Each structure stands twice: as C-alpha cells, then as structure tokens.
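One structure below.
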Amino acid sequence: MVELRTLRNKKAVEEKGLVGQIKNQGTVLETLKRDKNVQKQALQEFERNQKTMLALIKKLEEKRKKELEEAKKKKSAPKGKIKTTPSTVMAAVGPKCMPLQGDIISEYGSHEHPVLHIMTKNLGIEIRGKRGNPIKAAAKGKVVMVTEIDGRGPSVIIEHEGGIYSVYGHLNSIRVKEGMEVRNCEEIGEVGDLASLNGIKLYFQISEGTRTLDPLQWLKTK
92 MVELRTLRNK KAVEEKGLVG QIKNQGTVLE TLKRDKNVQK QALQEFERNQ KTMLALIKKL
152 EEKRKKELEE AKKKKSAPKG KIKTTPSTVM AAVGPKCMPL QGDIISEYGS HEHPVLHIMT
212 KNLGIEIRGK RGNPIKAAAK GKVVMVTEID GRGPSVIIEH EGGIYSVYGH LNSIRVKEGM
272 EVRNCEEIGE VGDLASLNGI KLYFQISEGT RTLDPLQWLK TK
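According to the working numbering, the sequence shown is numbered sequentially starting from 92.
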C-alpha cells in the first residue's frame, strides 16, 4: 500500500480550500449555512475545481491521441486499440465493477449540491463510504495518473480502451502507481475524506475522451 505522504504531505492537502481554512468539517457545514460570503467562495471553488478536472482529462486525452498518431505513422499501433466511437467504446472496456458499495449522495448532471443547496452541474457522482472501505477499479485498464486534484484530494485516474477514463477521488490510501495495469474490480486504494466538505466519500467520474458520461449508466453497459 502506498502511504499518502509519499504522494504529498497530508497537512498540505488538508490546508487547501475551505476545508483547510475552517479545518473541522462540522464547522465548515455550519459556516456554509449561515455565511453568504463563504457560500459564494465555496461555489467559486467548486466551479474552479470542475474546470481543473476537465482540463486534466483533456490533457490526458491529447497525450493518448498523440501516442496513437505516432504509432500509426510507424505502422505499429498498440494491439487492442479501438477507434473511439460511440458504437465501439462501451464494448471495448469489458466487464465493469461498482468501485464502492454505498449510498449515492451526489448524482451526475444538474442537481442540488448536497452542501451548498444550490443547482450545480456535476461531472461525476459521489458515493458515501466508511473509512477503510476498499475502492475498486471500475474496469480493466492502465493507471495514467496518481495525484492530488483540487477539490478531489488524493486521486487515481485509469485509462481504459477506447479513450475512456475513470477518476477516483478523496482516497485515504492508494495501492497503485502510474503505469500499472489493473484488472476489473482490483483494489486500488481506500476511501477517505481528504478535500471533502461532507465526510467520507468517493468521487467517481467517467469520461469518453473529453466528454463526461453518467457513471451509473456506463456501469450498466456490457
């Protein structure tokens, strides 16, 4: 198991954003309820973090396409690579696995934010967990990033065939490294509450190229 201090200092993670400024999560929630300025700051932080997440996936997708183009020019494209189209992407990934069993506390798309209580557009979903619960890879693939993401905390991003990316955030421990191949349902870490405003949870996102998908609908496809 990779200790998070090898990824970055835990204190530094916790001191980013509102969670770090107010320190205690219970105090954060109470402050959000009564302080309009803090609510505004939280919304701005949420929107900024969304843009950061989209930019990160865009960068990974550009890198993937560049590598495919270079391989094509050399007439030695990697085996198993499938052209990214809506008709082939879903079949390319193979069997899928729910990364964490728990209540869905934040759904994909436009919904009321569970903490801010205003309409926001969610790029992924949030699943309630208990400390120590294992997080599993949603499908076979390759770990392309292990990092700390603003608003998501310590995170893992896995690339699957067909230009599909799965994102796992708010991890308390991480068991994989960049470049590792993972199997469907393989444990990649444990759920936590780093960078979370509302307790222990998993942030789970699916993107097809730079376009986000509803993770729950994607998990149902074969």
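Ideal Cβ placement from N, Cα and C applies to all residues, glycine included.
Quick caveat, the model's predicted, so the values are computed rather than measured.
Report the CB separation of residue i from residue j in whole angstroms; it is logged as a contact under 8 Å.
i    : j    : result
I35  : R219 : Nothing can be reported for residue 35, as the shown portion of the chain is limited to 92 through 313.
Y259 : I291 : Between I291 and Y259 the Cβ distance is about 14 Å, and since that is not below 8 Å, they are no contact.
A286 : R243 : 6 Å
L214 : M144 : 6 Å
L293 : H261 : 6 Å
R155 : G254 : 6 Å
I209 : L288 : Actually they do not touch by this definition, with Cβ atoms about 13 Å apart.
What does DSSP give as the partner residue(s) for residue i in the beta ladder?
i    : result
E281 : P225 and S264
R219 : K292
R302 : E299
E245 : Note that residue 245 corresponds to Pro in the displayed sequence, not to Glu. The partner list for P245 (beta bridge, DSSP) reads E239.
K154 : Answer by DSSP bridge pairing: none, since K154 is not bridged.
G200 : N213
K233 : E250 and E272
I52  : The structure shown does not extend to residue 52, since the chain spans only 92 to 313, so no value can be given for it.
I195 : I218
In chain order, what residues of the same chain lie with their CB nearer than 8 Å to the CB of residue i, ignoring the 5 residues before and after it?
i    : result
L151 : V235, M236, I248, E250 and Y256
M189 : K227, A229 and L310
D314 : A query on residue 314 cannot be resolved here, the shown segment of the chain reaching from 92 to 313 and no further.
T301 : L145, I148, K149 and E152
Going along the chain, which residues of its own chain have a beta-carbon closer than 7 Å to the beta-carbon of residue i, five neighbours each way excluded?
i    : result
V273 : A228, K231, G232, V234, I249, V267 and I279
P306 : Y199, G215, I216, F295, Q296 and I297
Q112 : Confidence in Q112 is poor, its pLDDT being 46 and thus under 50, which makes the residue's placement too unreliable to answer from.
T90  : Lying outside 92 to 313, the shown extent of the chain, residue 90 is not represented and no answer is given.
N314 : Any question about residue 314 goes unanswered here, given that the chain covers just 92 to 313.
Q141 : L214
E277 : K227 and A228
Beta-carbon within less than 6 Å of residue i's beta-carbon, same chain only, minus the 5 sequence neighbours each way: which residues are those?
i    : result
E160 : none
N275 : P186, C188, A230 and K231
K51  : Residue 51 is absent from the model: the chain starts at 92 and stops at 313.
H204 : T211
M271 : V234
Note to self: Is it the case that the segment 264-273 contacts the segment 293-313, given that we only count it when at least three CB pairs across the two stretches are under 8 Å?
What the structure shows: Because the criterion of three Cβ pairs below 8 Å is not met, the segment 293-313 and the segment 264-273 do not touch.
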